[in-house]
Each structure stands twice: as C-alpha cells, then as structure tokens.
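Visitor: Handing you this structure, nothing more for now.
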Amino acid sequence: MSAGSFHECWFFTDPIDIASSTAGIADAMIENQSEQYGSVGLRNVLHVDAGEIDGSPFLALEWFYTVGKAPEALVGLIKIRAAERDGTHVICAHSLPGYRQTFADGFAEVVRRLDSGSEAADPYYEEIYVFELNGLKAAFASMTMSRDEEGDTRIDTTEAMLIPISSTELATSDSTTVSWSTPDGYLINAMDSSVENGELTMDLSLQLDDEGAWVVDGSFSGKPISEQLGTEGDPVSALGEMLAVRHLLQEPDATSIDLVSWIPDADPAAFTHVTVARDPDSDALGAASITMGPLKINGEFDDTGSMRHGTMNVGGVALVMERVFTAGALR
Amino acid sequence: MRGRGRLALPVILTMAASSPSAVTAEGIGLYLWEIGEVSVSDPSQLTDGPVTVQLDVANVQQFASFLQKYVTLEIVRADTQSITVLSKSTDSIRMEPGPEASAPSFIIDYDEPAITALLDEVDRESSAAATPEALRKFVNEHISDKTYLRAYDIASKVAATGSGDCTEHAFLLAALARAEGYPARVVVGVLMRATDEKVQSFGHAWTVVHDGQAWQRFDATLPEDPAPNEWLRYLPLMPVVNEDSGYNMGLMEKVAVWPRSVRLVPEPVREGVGQAESLR
Numbered sequence: 000m001s002a003g004s005f006h007e008c009w010f011f012t013d014p015i016d017i018a019s020s021t022a023g024i025a026d027a028m029i030e031n032q033s034e035q036y037g038s039v040g041l042r043n044v045l046h047v048d049a050g051e052i053d054g055s056p057f058l059a060l061e062w063f064y065t066v067g068k069a070p071e072a073l074v075g076l077i078k079i080r081a082a083e084r085d086g087t088h089v090i091c092a093h094s095l096p097g098y099r100q101t102f103a104d105g106f107a108e109v110v111r112r113l114d115s116g117s118e119a120a121d122p123y124y125e126e127i128y129v130f131e132l133n134g135l136k137a138a139f140a141s142m143t144m145s146r147d148e149e150g151d152t153r154i155d156t157t158e159a160m161l162i163p164i165s166s167t168e169l170a171t172s173d174s175t176t177v178s179w180s181t182p183d184g185y186l187i188n189a190m191d192s193s194v195e196n197g198e199l200t201m202d203l204s205l206q207l208d209d210e211g212a213w214v215v216d217g218s219f220s221g222k223p224i225s226e227q228l229g230t231e232g233d234p235v236s237a238l239g240e241m242l243a244v245r246h247l248l249q250e251p252d253a254t255s256i257d258l259v260s261w262i263p264d265a266d267p268a269a270f271t272h273v274t275v276a277r278d279p280d281s282d283a284l285g286a287a288s289i290t291m292g293p294l295k296i297n298g299e300f301d302d303t304g305s306m307r308h309g310t311m312n313v314g315g316v317a318l319v320m321e322r323v324f325t326a327g328a329l330r
Numbered sequence: 000m001r002g003r004g005r006l007a008l009p010v011i012l013t014m015a016a017s018s019p020s021a022v023t024a025e026g027i028g029l030y031l032w033e034i035g036e037v038s039v040s041d042p043s044q045l046t047d048g049p050v051t052v053q054l055d056v057a058n059v060q061q062f063a064s065f066l067q068k069y070v071t072l073e074i075v076r077a078d079t080q081s082i083t084v085l086s087k088s089t090d091s092i093r094m095e096p097g098p099e100a101s102a103p104s105f106i107i108d109y110d111e112p113a114i115t116a117l118l119d120e121v122d123r124e125s126s127a128a129a130t131p132e133a134l135r136k137f138v139n140e141h142i143s144d145k146t147y148l149r150a151y152d153i154a155s156k157v158a159a160t161g162s163g164d165c166t167e168h169a170f171l172l173a174a175l176a177r178a179e180g181y182p183a184r185v186v187v188g189v190l191m192r193a194t195d196e197k198v199q200s201f202g203h204a205w206t207v208v209h210d211g212q213a214w215q216r217f218d219a220t221l222p223e224d225p226a227p228n229e230w231l232r233y234l235p236l237m238p239v240v241n242e243d244s245g246y247n248m249g250l251m252e253k254v255a256v257w258p259r260s261v262r263l264v265p266e267p268v269r270e271g272v273g274q275a276e277s278l279r
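Just so you know, the protein sequences line up as chains A and B, in that order.
The first sequence runs 0 to 330 under numbering that gives the first Met the number 0.
The second sequence runs 0 to 279 under numbering that gives the first Met the number 0.
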C-alpha cells in the first residue's frame, strides 16, 4: 500500500487464527492510540463482514472508539480486513474514518496479487460458504479436497467467525480440521482444533487403534481427553455426507439416509447421528434437510451433493449458509 | 457437517444466548439476554403471587414435553404457536436428587484442582460449613470479570479464569455446592424483571440446591439474592441433564426450542387463579 495512505498490511506464511488475529490487531492499534492520546473511552463494534475475493475467504471488522478526555477527546475508526490465499494470510488495517469501499477495493487487489508459491497438492475441489447470523455476515467456512496417490481424499476445512455479542464485546472463533476420507466417503482419520477468543479450546485427533476401535485423544474444554468411541457404524467424512446427499437426490424412491459422523463440537467422545432427508414439502430440485440431534438444516443442493444454500433456526438465532465460491469438480 | 460449516456449536450457543440484545440489567449485576417485554399498567403492584406467562415457541409439542418432564410450571393453555403457563415463585425442577446431582461430572468437575483450591479459600473464610448462600456470594465475588465472551465454560475453567456470564456462575456454584455435599443442578430458563414501566424477559441460568425436601434456587449472578427492591420471577424451563463431554449438544437441545418471545399475560387465564392474586 502506498506510503501515507494510513494502510498497513501484515503477511503471514505460517498458519494463523484469522479471526482472533484480526481482533488482536484491532486491539493493538486502539491500544497504541490510547498510549499516545489517553485512555479509551467509548469503544463499539461498528461493522463486521465476511465474504470471498476470487476464491479467498475474508473477514472484515470496524471498531469505533474515542481516546483522551473531553474536551480534547479524539474519535477514531479502525478498519481491518483479513484473508487467506493458498496458505498465506494477509491482514490490512486502515485508520481513517470513511474510505470503506476504497479500502475494501485496495485490500481485494492485495489479496489477488498474493502468490504463496505453495507446493501443496492442487485441490480437485474447493468451496467457500459465508454464514449469516441473524442477518449479520459474520463467518466463513472454506474447504479443499485433494487426492493422494492411493486415491484417498484429504479434506482441509477452515472456519472463522467474528461475532459482536454486545456493542462493546467481540467474540472470535477459529477452527481447522484436516481429515482423510476413502474414495467412497468413509473417514480414515481426523484432526480438529478450535480457538475461541484467542484461547485453544479443542485440539483433538481421531483414529483407529490397532484393534480397529476409534479413539479420540487430545484436549477439550481445557481438559485432557482420551476415549474409545462406541461402534455405531462407520463414520463418514464431509465427502461421504456429500455423496449421501447426491445418492438421495438421484434415487427417486429414497426418502432419507442415516449416517454417523464425528462432530467434536457436539460430542468429541461419541459419534453423532446425522439424517439426510428429501424435503417432502418442497418442489425445489435438490431440496433436502440434514438433521443432527436437535439441529436441522434445510438446504438446496446441487446434483453433486454440495449445498448451495441452507438455513437453520436455533431458538432466536437464524443461521443462513450461502455457498459463495466453488472451483474444480466434486467427484 | 464438515466442509459446509460444522456450525461451531459453542459459538452458536453464545450467539443464541447473547446477541443481538445482550444486556446487563443495570444496578443488579445480572448478565442475561433479552427475549421480549410487555407493558403492564403498574409494575410496582407485582407481587410474589402467581402470574400467567405466554411463551411463543417454534415447536409447542416438544417444548411442552420438556416442561412436563422437567419442571413444576403448570401449563394452562397451548395453541399452535404458544404455551401459557402459570408461574409461582416456588417453581423449580421436577427431578429427584439422585446420586448424579452429587457426583463430579465433565462440566461440574469439582474434583479438579482449580475447584479444590477455591474450596480451600471458602474454608479459610469461614470456620463453619459453607452454606449454599455463602457459596453463592463467594461465586459472585470470585467471577469478577462479568462478560459474555466465555462460551459455556466448565466449572474448573470458571474457577481458574474468574470470568463469565450466568452459565459460568451457575456451573461454578453447582460444583462448589456438590463439593460441600449439597445435591445441585443447573437450570436454564427465563427471568422476568419489572422496571418502572414494563416487564422484561431474559434468558438466564441459575443453580438449584436440594435441601432434603425441595430444590431451592440460588442465583450467583446477583450480589444479593433476592435482589432488594426488584420484582424478579424465575421460570425454570429445563435442567442441564447432559453433563458429559457432549454437553454442548445437550445445551443446543434447549436452545433449539427456546422461546422466541415471552409475555406477561395481563388477564386471568382461568377463574380463581392468577390475575387477581398477581396483579392487584
């Protein structure tokens, strides 16, 4: 970015937690202003956003704040944008009021020019979802699928959320999963980690032991966990869920398919039952629901089994999932 | 749900429990979330007597089954969108204080060192056995960082961080109570609060302790319980029964059927009960 434009950008070639890093940089910038001009008075979340730029998911955050004491108090506005492209993260900040679109356009150009030089295997399929929580675009989820020489699929997922839980408090959530799947969609193993508000809350691995039992190891909610999971059928991968939806929609006589899946947020020490069902009340092509426990997502799926659009209502929360990017082919 | 967003359950729970209208009830230190409000002609006339409350819910049948199974609230009317209940100040959960209400669990983990250290602190403050009320006050003071930023932390974590909202207060108090030999449970429900002009309703969590005869409510978010000069009515909706590592899903079961709005019904719902005693 040009000198004197009040832009700053940071580039990270090692993995970072994009949501908590975004919030952390905003905190550091406001703290820096406070050291120069006096203590922070007001501080409010003005804006959060999530989306994608040519296949790179991004988060955006704006804080409004005041520093110093009246009548010399100063008003400030920090805008932060963060994105990931091919394993490289970039976070840019802008500290002048206004220029929201100009900053967004400049940031998008930075992201498009990122070239990590990564030698990682090329994914055969990529998709990005944006999550709207009660009308607020607050999160993204990205997934890539790549295949090894034996035909198994490695699935990498990243999710990041910025959630203003009050006008002055911002919660962040970052999670990453790496799992391996057989070609027909069964789970081989998985590693899952979550960071909430900058604090590691889950770091787990799931694999078969020498006797063929599924074992979870790691930490959950700050406690060590090492347990054998019950045998309730072979757990499917994300690929397996998509294949199940595809199968359901291709078979006119099929009404539902029951699966078991490892969803550690729900319960790390047990498999979760998932039901994929055709929506009998909808004439829309590809209308189906996914139910796990008390949660039900009503979605529209394409003929590969990938969800275009989904909605879920949980008490007072309306969650909308919108697929905003795909590349490659889901085979 | 991998790849399409695994739904980050703790975050959704936090979202459901706070945004977009998380509030701190100024003056009494409650940390809770607003569901709705209703104007009443004279909130100052509200008493400890029964009141009738209408809860708008997405799944009436499922919600009613929860109420009938777990709490003493009396259902007086149900239609396709809402359930009307008669609320008494003594309403609580409908469960026997079985051994699980006294045992350590994944989330009420009083056998962890962080809780043991707190118990030592409690013992140092008083030579006599700690009462539930003393423990309630202790928890209120220990959690000095009143914030919504914690996503349903388990008791030992709350003990270590001293941070959280109503659920963290409730989990920690339940842990200390069990450690001191009192059967204890965490309850989620609705708290109604009268202000000068209206009655607001909030999602809330609190602790119940069994005194040998009945479950008694203890709200560790309050500096003083009952709050002086406040009309507060607790509507217990569901106890937290899943205390193992799948507790997030258990909480989600509750959030999934949570009332979308709560209203104090200003007219009697049946002869001889409710209005005449509650809204003089």
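Ideal placement from N, C-alpha and C gives every residue a C-beta, glycine not left out.
Treat the numbers as computed from the prediction; the structure is a model and nothing was measured.
#1: Under the three-state reduction of DSSP, which class applies to Thr146 (chain B): helix, strand or coil?
#2: Excluding the 5 residues flanking Asn241 (chain B) on each side, which residues of the same chain have their C-beta closer than 6 Å to its C-beta?
#3: What runs of the beta strand (DSSP E), each 3 residues or longer, lie entirely inside the region 60-101 of chain B?
#4: Assign Ser174 (chain A) to one of two classes, buried (16 or more other C-beta atoms within 10 Å of its C-beta) or exposed (fewer than that).
#5: I want to see whether chain B comes within less than 9 Å of Glu168 (chain A), judged by CB atoms only; does it?
#6: Mind reading off the beta-carbon distance from Ser118 (chain B) to Ala178 (chain B)? Whole number of angstroms is fine, and I expect it under 8 Å.
#7: Starting from the beta carbon of Phe219 (chain A), find every residue of chain B whose beta carbon is closer than 7 Å, and list them in chain order.
#8: Going by the CB atoms, is the gap between Ile106 (chain B) and Ile153 (chain B) shorter than 9 Å?
#9: So is His46 (chain A) in contact with chain B if we call contact Cβ pairs under 9 Å?
#10: By Cβ distance, which residues of its chain are closer than 6 Å to Ala173 (chain B), with the 5 residues on each side in sequence left out?
#11: Considering only the alpha carbon of each residue, which of B:Ile114, B:Val84, B:Val138 and B:Ser91 lies closest to Val264 (chain B)?
#12: Hey, does Leu31 (chain B) have any beta-carbon neighbour from chain A nearer than 9 Å?
#13: Using a Cβ-Cβ distance under 9 Å, would Pro182 (chain A) count as near chain B?
#14: Would you kindly work out how many angstroms separate the C-alpha atoms of Trp9 (chain A) and Thr167 (chain A), rounded to a whole number?
#15: Could you confirm whether any beta carbon from chain B is found closer than 9 Å to the beta carbon of Gly3 (chain A)?
#16: Take Asp90 (chain B) and list the residues in its own chain whose beta-carbon comes closer than 8 Å to its own, dropping the five residues that flank it on each side.
#17: Going by beta-carbon coordinates alone, are Ser125 (chain B) and Pro267 (chain A) separated by less than 9 Å?
#18: Identify the residues that DSSP records as bridge partners of Leu161 (chain A): which are they?
#19: Out of B:Arg123, B:Ala57 and B:Lys253, which one is the CA nearest neighbour of Ala204 (chain B)?
#20: Would you say Val316 (chain A) lies against chain E (beta-carbon separation less than 9 Å)?
#21: Met248 (chain B) touches chain A at which residues, Cβ-Cβ below 7 Å?
#22: So is Tyr147 (chain B) in contact with chain A if we call contact Cβ pairs under 9 Å?
#23: Counting only runs that start and end within the region 221-273 of chain B, where is the alpha helix (DSSP H) found for 4 or more residues in a row?
#24: Taking 9 Å as the CB-CB cut-off, is Glu195 (chain A) touching chain B?
#25: Can you say whether Gly211 (chain A) is buried or exposed, counting buried as having 16 or more other CB atoms within 10 angstroms of its CB?
#26: When you compare the CB of Ser86 (chain B) with every CB in chain A, is at least one pair closer than 9 Å?
#27: Should Val261 (chain B) be labelled buried (16 or more other beta-carbon atoms within 10 Å of its own) or exposed?
#28: What is the DSSP secondary structure of Asp257 (chain A), counted as helix, strand or coil?
#29: Quick one: which residues of the region 299-325 of chain A get their C-beta closer than 9 Å to a C-beta of chain B? List them in chain order.
#30: If the cut-off is 9 Å on Cβ atoms, which residues from the region 105-125 of chain B count as contacting chain A, listed in chain order?
#31: Look up Leu95 (chain A) in the DSSP assignment and say whether it is helix, strand or coil.
#32: Is the Cβ-Cβ distance between Leu235 (chain A) and Tyr185 (chain A) less than 9 Å?
#33: Going by C-alpha distance, which of A:Asp53, A:Met311 and A:Met291 is nearest Ala107 (chain A)?
#34: Excluding the 5 residues preceding and the 5 following Phe102 (chain A) in the sequence, name in chain order all residues of the same chain whose CB lies nearer than 8 Å to its CB.
#35: Ser291 (chain B) CB to nearest chain A CB: under 9 Å?
#36: Taking Gly239 (chain A) as part of the alpha helix (DSSP H), name the residues at either end of that continuous run.
Guide: Taking the structure as given:
#1: Working through the second sequence from its first residue, we reach residue 146 (chain B) at position 147. Coil, per DSSP.
#2: Counted from its first residue, the second sequence places residue 241 (chain B) at position 242. So the list reads Gly249, once near-sequence residues are dropped.
#3: 73-77 and 81-86
#4: As a working mapping, residue 174 (chain A) is identified with position 175 in the first sequence. With 16 or more Cβ atoms within 10 Å of its Cβ, Ser174 (chain A) is classed as buried.
#5: Start at 1 with the first residue of the first sequence, and residue 168 (chain A) comes out as number 169. Yes, its Cβ sits closer than 9 Å to a Cβ of chain B.
#6: One-based indexing of the second sequence puts residue 118 (chain B) at position 119. One-based indexing of the second sequence puts residue 178 (chain B) at position 179. Correcting the residue type first, residue 118 (chain B) is Leu in the shown sequence and not Ser. Yes, they are in contact, since the Cβ atoms of Leu118 (chain B) and Ala178 (chain B) sit about 6 Å apart, within 8 Å.
#7: Against the first sequence, residue 219 (chain A) aligns to sequence position 220. Result: Ser244.
#8: If you number the second sequence from 1, residue 153 (chain B) lands on position 154. If you number the second sequence from 1, residue 106 (chain B) lands on position 107. Yes, the pair counts as a contact, with Cβ atoms nearer than the cut-off.
#9: For the purposes of this step, residue 46 (chain A) is taken as the residue at position 47 of the first sequence. Cβ-Cβ to chain B under 9 Å: no for His46 (chain A).
#10: Looking up residue 173 (chain B) in the second sequence gives position 174. Excluding sequence neighbours, Ala173 (chain B) sits near Ile107, Ala183, Val185 and Thr206.
#11: Position 265 of the second sequence holds residue 264 (chain B). Among B:Ile114, B:Val84, B:Val138 and B:Ser91, the Cα nearest to that of Val264 (chain B) is on B:Val84.
#12: Within the second sequence, residue 31 (chain B) is the residue found at index 32, counting from 1. The predicted position of Leu31 (chain B) is uncertain, since its pLDDT is 47 and thus under 50; no value can be drawn from it.
#13: Start at 1 with the first residue of the first sequence, and residue 182 (chain A) comes out as number 183. No, its Cβ sits nowhere closer than 9 Å to a Cβ of chain B.
#14: Residue mapping note: residue 9 (chain A) aligns to position 10 of the first sequence, counting from 1. Residue mapping note: residue 167 (chain A) aligns to position 168 of the first sequence, counting from 1. Taking the straight line joining both Cα atoms gives about 25 Å.
#15: Taking the first sequence and counting its residues from 1, one reaches residue 3 (chain A) at position 4. Because the pLDDT at Gly3 (chain A) is just 44, under 50, the model does not fix this residue reliably, and the point stays unresolved.
#16: Taking the second sequence and counting its residues from 1, the one referred to as residue 90 (chain B) is at position 91. Counting only Cβ-Cβ distances below 8 Å, and skipping sequence neighbours, we find Val70, Thr71, Leu72, Tyr233, Leu234 and Pro235.
#17: Locating residue 125 (chain B) in the second sequence gives position 126, where the first residue counts as 1. Locating residue 267 (chain A) in the first sequence gives position 268, where the first residue counts as 1. For Ser125 (chain B) and Pro267 (chain A), no; Cβs fall outside 9 Å.
#18: Within the first sequence, numbered from 1, the residue matching residue 161 (chain A) stands at position 162. For Leu161 (chain A), which the question treats as bridged, DSSP gives the partners A:Thr171.
#19: For the purposes of this step, residue 204 (chain B) is taken as residue 205 along the second sequence, with counting starting at 1. Taking only the C-alpha atoms, the option nearest Ala204 (chain B) is B:Lys253.
#20: Of the protein chains in this structure, namely A and B, none is chain E.
#21: Position 249 of the second sequence, counted from the start, is the residue given in the question as residue 248 (chain B). Within chain A, the residues near Met248 (chain B) are Ala265, Asp266 and Gly292.
#22: Locating residue 147 (chain B) in the second sequence gives position 148, where the first residue counts as 1. With 9 Å as the cut-off, Tyr147 (chain B) counts as an interface residue toward chain A.
#23: 246-255
#24: Your numbering for residue 195 (chain A) matches position 196 in the first sequence. True, the Cβ-Cβ gap to chain B drops below 9 Å.
#25: Counting from one through the first sequence, the residue named residue 211 (chain A) turns up at place 212. It counts as exposed.
#26: Start at 1 with the first residue of the second sequence, and residue 86 (chain B) comes out as number 87. For Ser86 (chain B), the answer is no, since every Cβ of chain A falls outside 9 Å of its Cβ.
#27: In the second sequence, the residue the question calls residue 261 (chain B) occupies position 262. Buried, because 16 or more other Cβ atoms sit within 10 Å of the Cβ of Val261 (chain B).
#28: Here residue 257 (chain A) refers to the residue found at position 258 when the first sequence is read from its first residue. Three-state DSSP puts Asp257 (chain A) in a strand.
#29: Ser305, Met306, Gly309, Met311, Asn312, Val313, Gly314, Gly315, Val316, Leu318, Met320 and Arg322
#30: Phe105, Ile106, Asp108 and Glu111
#31: Looking up residue 95 (chain A) in the first sequence gives position 96. In the structure shown, Leu95 (chain A) sits in coil (DSSP, three-state: anything other than H, G, I, E or B).
#32: Taking the first residue of the first sequence as position 1, residue 235 (chain A) is located at position 236. Taking the first residue of the first sequence as position 1, residue 185 (chain A) is located at position 186. Note on identity: in this sequence residue 235 (chain A) is Val, with Leu being the wrong assignment. Yes, they are a contact pair.
#33: As a position in the first sequence, residue 107 (chain A) is number 108, starting the count at 1. Of the listed residues, the one whose Cα sits closest to Ala107 (chain A) is A:Asp53.
#34: As a working mapping, residue 102 (chain A) is identified with position 103 in the first sequence. Excluding sequence neighbours, Phe102 (chain A) sits near His6, Lys78, Arg80, Cys91 and His93.
#35: No answer is possible for residue 291 (chain B): the residues shown for chain B start at 0 and end at 279.
#36: As a first step, residue 239 (chain A) is located in the first sequence; it is residue number 240 there, counting from the start. Its alpha helix (DSSP H) spans residues Ala237 to Gln249.
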